Amino acid sequence: MNLMHLKYAVEIAKNKSISRTAEKLYMGQPNLSRAIKELEDNIGITIFNRTSKGISITTEGEEFLSYARKIVEQIDEIESIYHKDGRKKQRLSVCVPRASYISFALSGFARQLDTTDPAEIYYKETNSMNAINSLLKGDCGLAVIRYQSTFDKYFNNLFSEKNIIAETITEFSYVLLVSKYSSLAQKDDIMLSDLSGHIEITHSDPYVPSLPLNDVMKAELSEFVNKRIFVFERGSQFVLLENVPETFMWVSPIPQPLLFKHNLVQKTCNTNNKKYRDVLIYRRGYKLTELDNRFIDEVYKAKALYL
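In structure tokens:
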């Protein structure tokens, strides 16, 4: 069996297109199609159904690709962890929610890196759906995802279906993050109705398996607010909160250095009874590396310090 053919099959499944994969691999589409046909003849199954609308993966193909991804991942790992001069490369790839305490965990992790050896660290802040997809495709070794505790059964069903190991890191309630110059900062007991007239900053890509986006958004957004700014990363939210006193955001507790740096305060809201979970996930059968375990240790340290 040709190893390159395995890599081609994995890439086609990832891109969901033979032509798009051929472009990315800088090879002719007929040559790529021929390679996949040879692979299918070799193993005696059809991996991809070809139609006028594109390709789909057969049931046998899904099973085959699950093994192929593991093989390709192991080969890539062997190639990536050793530098040309023979020194081992330090490598970590992780997807996480947009959580400040986890970024502090990354800082603690980075301080431990051996500066004498090469290193490649991939740290992606994203939503739960993208994190799970990246994990299943082998783009990252582990991930941390965040969701409302009330949706626990939906995620547990997905974990079981996709052979994902899940470990709850923490469960918490959101706090209200506002400028220290906001009128909300002066209140001792904030009610949800007090948010009326203010601008909510929120991330616009929440995800719950098997639930329509509208239902998920309804569960996430503040009911007394009709003005919102949707962002996809943490940098802009701090700039907005600091410079527009009428804004607020629901967040996991923020480390004090960030509050001080951006002139922000965090307030509790007793009438907000939503609980959230941050959950560590990785594929069943995946062996956590030394760097994976170091990063996980730092996440738990940051949780103990800031949550």
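Per the numbering used here, the very first residue in the sequence shown carries number 591; after that it's consecutive.
Even glycine gets a Cβ: it sits at the ideal position worked out from N, Cα and C.
Quantities reported herein were computed from a predicted structural model and do not represent experimental measurements.
When the Cα atoms are used, what is the spatial distance from residue i to residue j?
i, j, result
"T648", "I692", "39 angstroms"
"L782", "T858", "11 angstroms"
"N747", "N753", "10 angstroms"
"Y896", "T740", "23 angstroms"
"T705", "R610", "39 angstroms"
"I665", "L593", "9 angstroms"
"P802", "M591", "42 angstroms"
"M617", "P796", "37 angstroms"
"K864", "Q680", "39 angstroms"
"R884", "Q702", "9 angstroms"
"G731", "D778", "43 angstroms"
"D729", "L767", "33 angstroms"
"L830", "N605", "36 angstroms"
"E710", "I668", "14 angstroms"
For residue i, which residues of its own chain have a beta-carbon under 7 angstroms away from its beta-carbon, when the five flanking residues on both sides are left out?
i, result
"I661", "L596"
"E888", "A695, G698, F699"
"V600", "L655, A658, R659, V662"
"I780", "L766, L774, K857, C859"
Residue i bridges to which residues according to DSSP?
i, result
"A892", "Its beta-bridge partners do not exist; DSSP assigns none."
"K808", "Note: K808 sits in no beta bridge, so no partner."
"E710", "R681"
"I755", "Y872"
"G618", "For G618, which the question treats as bridged, DSSP gives no partner whatsoever."
"R818", "E790"
"P855", "Reading the sequence as shown, one finds Val at residue 855 and not Pro. BP columns for V855 point to V768."
"L732", "V684"
"S750", "S750 is not bridged to any residue."
"F850", "According to DSSP, which records beta bridges pairwise, F850 is partnered with nothing at all."
Please classify residue i: does DSSP put it in a helix, a strand, or coil?
i, result
"R824", "helix"
"E902", "A query on residue 902 cannot be resolved here, the shown segment of the chain reaching from 591 to 897 and no further."
"L655", "helix"
"E832", "helix"
"Y744", "helix"
"V798", "coil"
"S697", "helix"
"E813", "coil"
"N863", "coil"
"S783", "helix"
"I635", "coil"
"Q776", "helix"
"M591", "coil"
"T611", "helix"
"S842", "coil"
"T649", "helix"
"Q738", "strand"
Determine the contact status of residue i and residue j, defining contact as a CB-CB distance below 9 angstroms.
i, j, result
"S794", "F822", "yes"
"T837", "I789", "yes"
"Y744", "P799", "yes"
"G651", "A603", "yes"
"S718", "Y737", "yes"
"A775", "V869", "no"
"I755", "V734", "no"
"R824", "S724", "no"
"I871", "I722", "yes"
Any heavy atom of the ligand ZN closer than 8 angstroms to the CB of residue i?
i, result
"Y744", "No copy of the ligand ZN occurs in the structure displayed, which carries no ligand at all."
By Cβ distance, which residues of its chain are closer than 8 angstroms to residue i, with the 5 residues on each side in sequence left out?
i, result
"Y866", "R736, Y737, Q738, S739, E761, F762, S763, Y764, S842"
"Y598", "T611, L615, L622, A625, I626, L629"
"S773", "P835"
"L811", "E790, T792, R818"
Using C-beta distances below 6 angstroms, list every residue in its chain close to residue i, excluding the 5 sequence neighbours before and after it, in chain order.
i, result
"S683", "Y712, C730, G731"
"W840", "Y764"
"S646", "N639"
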